[in-house]
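Structure first, commentary second.
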Amino acid sequence: MNVLLIAIMVVFGIAAILTLVRIVRGPSILDRAVASDVLLTEVMCVLGAEMAINGHTRNIPVLLIIAAIGVFGSIAVARFVARRDNTAP
Numbered sequence: 022m023n024v025l026l027i028a029i030m031v032v033f034g035i036a037a038i039l040t041l042v043r044i045v046r047g048p049s050i051l052d053r054a055v056a057s058d059v060l061l062t063e064v065m066c067v068l069g070a071e072m073a074i075n076g077h078t079r080n081i082p083v084l085l086i087i088a089a090i091g092v093f094g095s096i097a098v099a100r101f102v103a104r105r106d107n108t109a110p
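Below, the structure written as structure tokens:
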């Protein structure tokens with residue numbers, strides 16, 4: 022395996038660990054939502070890099086599903102926060 026690929030995977034791994042820390046520690050639901058979006062983006066980048074390295078397109082449906090989950094999750098959190106802000110005195 023190429024040294025550059027190993028370095029890239031280490032960087033993505035560290036970024037994923039830091040993102041998981043942000044998801045666990047919070048402190049607010051918006052921080053967790055942004056961190057989960059970042060984690061989904063990191064997964065998509067790793068899958069895209071794997072497709073480019075190995076020269077195939079089998080992961081495109083998986084990428085589309087991950088993107089849809091990210092969008093719908095962000096919309097759900099935004100609606101939840103907006104509804105909660107409207108009920109606060």
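Counting along the sequence shown from 1, when you hit position 88 you're at 109 in the numbering used here, and nothing is skipped either side.
Even for Gly, the Cβ is constructed at its ideal location relative to N, Cα and C.
Item                                                                                         : Value
Whole-angstrom distance between T62 and I38, CA atom to CA atom                              : 14 Å
Contact the segment 75-84 vs the segment 33-49: 3+ CB pairs below 8 Å                        : no
7 Å Cβ shell around R43 - same chain, five flanking residues per side excluded               : D52, A56
Distance between V92 and R104 (C-alpha atoms, nearest Å)                                     : 18 Å
Residue range of the alpha helix (DSSP H) that includes N75                                  : 50-75
I87 beta carbon less than 8 Å from that of V64                                               : yes
Cβ-based neighbour list, S95, same chain, cut-off 8 Å, excluding 5 preceding and 5 following : A54, D58
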